[in-house]
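Note that the sequence shown covers residues 1153 to 1269 in my numbering.
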Amino acid sequence: MVYILRSLLCKIEQRKLGYKLETPKIALNKFYGDNTLEETEEITLSSCAFMDDIQWLAPNQSNLEKILEIVDSFYELNDIQVNKEKSELLVRKIQSRYRPKLRPHELVTLKFDSEYL
1153 MVYILRSLLC
1163 KIEQRKLGYK
1173 LETPKIALNK
1183 FYGDNTLEET
1193 EEITLSSCAF
1203 MDDIQWLAPN
1213 QSNLEKILEI
1223 VDSFYELNDI
1233 QVNKEKSELL
1243 VRKIQSRYRP
1253 KLRPHELVTL
1263 KFDSEYL
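So, in structure tokens, the structure goes:
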């Protein structure tokens, strides 16, 4: 089972739909104050998995739904059953004075397979 899921994790990772982390590149051979280019290092995280438990990470709802679309077709192809009732959604929104705040327990509709959760 774990070996089968590895191919799914690789496929999702290749699509670059996950959450992107970016940081300034640290040059060990440069002195502080040297004129250096504004280079950055980045990594895209789309999943966190242990055995048959997988958390999907995405920067927005659209990317998460694309990930779930791929996942659902993979599960269907391999005859894997998922208890969607046990699924949970964790949302982190950037709050600024121009964006409305997400209220606790506010309903979020997410498309997974042909269902809306």
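Even for Gly, the Cβ is constructed at its ideal location relative to N, Cα and C.
In the DSSP annotation of this structure, the continuous segment of the beta strand (DSSP E) that includes residue 1195 starts and ends at 1192-1197. Assigned with DSSP and collapsed to three states, residue 1205 falls in strand. Beta-bridge analysis with DSSP links residue 1176 to 1192. In the displayed model, residue 1163 falls within a helix according to three-state DSSP. Annotated three-state conformation of residue 1236 is helix, per DSSP. Under the three-state reduction of DSSP output, residue 1218 falls in the helix class.
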